[in-house]
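Asker:
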Amino acid sequence: MQAGGNAPAKRDVGERGHGAGNVKNHAGAGNPGIETAPPSVERLGRMKLVSWNVNGLRAVLQKGFFDFMAAAGADVICLQETKCHPADVQHVTWPDGYSAFWNAAVKKGYSGTAIFTRVAPLGVTYGLGHEAHDQEGRVITAEFAGFFLVNVYVPNAQNELARLPYRRQWDRDFLAYLRSLETRKPVIVCGDLNVAHEEIDLARPKENVGNPGFSDEERDGFRAFLGAGFVDTFRTFEKGPGHYSWWTYRAGARPRNIGWRIDYFLASAALEPRLKRAWISPEVMGSDHCPVGLELESA
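Numbering-wise, the numbering used here puts 278 at position 264 of the sequence shown, and it's gapless, one number per residue.
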């Protein structure tokens, strides 16, 4: 199979999933496909995008998730590691104005991604078009007028790098997928990329050389994205150390800020003039990760 594989199959479908509250729900059910929402023009001015690995949506719902959504004021909120299917949260009344798109893993209670958006996308695609990659609900792509937004939860290399060969293949195929999208319009990638790029991106680099998330192979995979022209948006605005998005639950790591920066917004170089700010929100609790954000001029 060629790197990147086939484009996700497209099909015209009506609204699926559950109708919880006033939010429209669309479920990818762990399989590649496309959902079309009523087209709209993005708001004049700026778009505010937020990404968060919630480490279990049902758990974070009990820890102030709605307060977070209200305070964030984001046009689009991308979630990773939702660990649920739409039916698992069908009793939830979501905030007004958002449409929800879900890509759940075939395996119950594992992985999964979701997008909540107040701006109707032109289309939403699930997966990479690789059967080997598309069983774990790791990718949702939303097309807007000025760019594609790819929400991703990258596979972890696991203890003793047991899954590193698969992770390396994933990185190659995912980059090929992004490049295929870029032939049509610029791309923004957000989510848990499960890698700290440079030593500045984790508190204890020397102790973690060769560990999952800081192996040479994973770092090389990340560098390939930069080499292909993608911009690490946070580093466009912040060059200093001490900024992390994930902390182990052990040994009081978060209060001591012994963390890793493994959650990102990457953007095609063509979008760089439109970037206005990027940030990390370590004050937001509820998960072992914290949200990250990006604001840019609308097309």
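Using N, Cα and C, we set each Cβ at its ideal position, and we do this for glycine too.
#1: Of all the options Gln149, Ser301 and Tyr112, which has the alpha carbon lying nearest to the alpha carbon of alanine 134?
#2: Taking DSSP as the reference, what is the three-state secondary structure of tryptophan 293?
#3: Tell me whether threonine 197 is buried or exposed, calling it buried when 16 or more other Cβ atoms sit within 10 Å of its Cβ.
#4: If you reduce the DSSP assignment to three classes, tell me which class tryptophan 274 lands in.
#5: Are there 16 or more other CB atoms within 10 angstroms of the CB of threonine 107, so buried, or fewer, so exposed?
#6: Have a look at glutamate 221 and glutamine 104 and give me their C-alpha separation to the nearest angstrom.
#7: Tell me which same chain residues have a C-beta within less than 8 Å of the C-beta of glutamate 286, skipping the five on either side of it?
#8: In this structure, what does DSSP give as the bridge partners for arginine 280?
#9: Determine the DSSP secondary structure at alanine 86, reduced to helix, strand or coil.
#10: So alanine 210 and phenylalanine 228 are supposed to be a Cβ contact under 8 Å. How far apart are they, rounded?
#11: Out of curiosity, what's the CA-to-CA distance linking aspartate 102 and aspartate 89?
#12: Counting beta carbon pairs with one atom in the region 275-285 and one in the region 201-219, are three or more of them shorter than 8 Å?
#13: Valine 153 by DSSP, collapsed to three states: which one?
#14: Does DSSP classify glycine 307 as helix, strand or coil?
#15: Following the continuous alpha helix (DSSP H) through phenylalanine 236, name the residue where it begins and the one where it ends.
#16: So which of Gly273, Gly307, Gly78 and His257 has the shortest CA-CA distance to arginine 264?
#17: Measuring straight from C-alpha to C-alpha, what distance separates threonine 247 and glutamate 174?
#18: On a CA-only basis, which of Asn271, Pro305 and Gly70 is nearest phenylalanine 279? Give me that one, please.
#19: Helix, strand or coil for valine 74, going by three-state DSSP, please let me know.
#20: Locate the alpha helix (DSSP H) running through phenylalanine 318, then write down its first and last residues.
#21: Using alpha carbons as the reference points, say which of Val68, Lys62, Gln76 and His40 lies closest to aspartate 302.
#22: Should proline 226 go down as buried or exposed, given a rule of 16 or more other Cβ atoms within 10 Å for buried?
Answerer: If we stick to the structure as given:
#1: For alanine 134, the closest C-alpha among the options Gln149, Ser301 and Tyr112 is that of Tyr112.
#2: Collapsing the DSSP output to three states places tryptophan 293 in a strand.
#3: Burial is judged here by how many other beta carbons sit within 10 angstroms of a residue's own beta carbon; threonine 197 has fewer than 16 and is exposed.
#4: Residue state, collapsed to three classes: strand.
#5: It counts as exposed.
#6: When rounded, the distance between both Cα atoms is 44 Å.
#7: Here glutamate 286 has Val245 and Thr250 as same chain residues with Cβ atoms under 8 Å from its own Cβ, once five neighbours each way along the sequence are excluded.
#8: One detail in the question is off: residue 280 reads as leucine in this sequence, not arginine. According to DSSP, leucine 280 shares a beta bridge with Val203 and Asp246.
#9: Correct three-state label for alanine 86: helix.
#10: For a cut-off of 8 Å, the C-beta gap from alanine 210 to phenylalanine 228 is around 5 Å, short enough to register as a contact.
#11: Each residue's alpha carbon lies about 24 Å from the other.
#12: Inter-segment contact for the region 201-219 and the region 275-285 is present: three or more beta-carbon pairs are separated by less than 8 Å.
#13: Look at valine 153 here: in three-state DSSP terms it is strand.
#14: If DSSP states are grouped into helix, strand and coil, glycine 307 belongs with the strands.
#15: Segment 230-241, the alpha helix (DSSP H) holding phenylalanine 236.
#16: Arginine 264 has its Cα closest to that of Gly273, out of Gly273, Gly307, Gly78 and His257.
#17: Their Cα atoms are separated by approximately 30 Å.
#18: It is Pro305 whose Cα lies nearest to the Cα of phenylalanine 279.
#19: Here DSSP, grouped into helix, strand and coil, assigns valine 74 to helix.
#20: Because residue 318 is not part of the residues shown, which for the chain are 15 to 313, the question remains open.
#21: When only C-alpha atoms are compared, the closest one is Val68.
#22: Only buried fits proline 226, as 16 or more other CB atoms lie within 10 angstroms of its CB.
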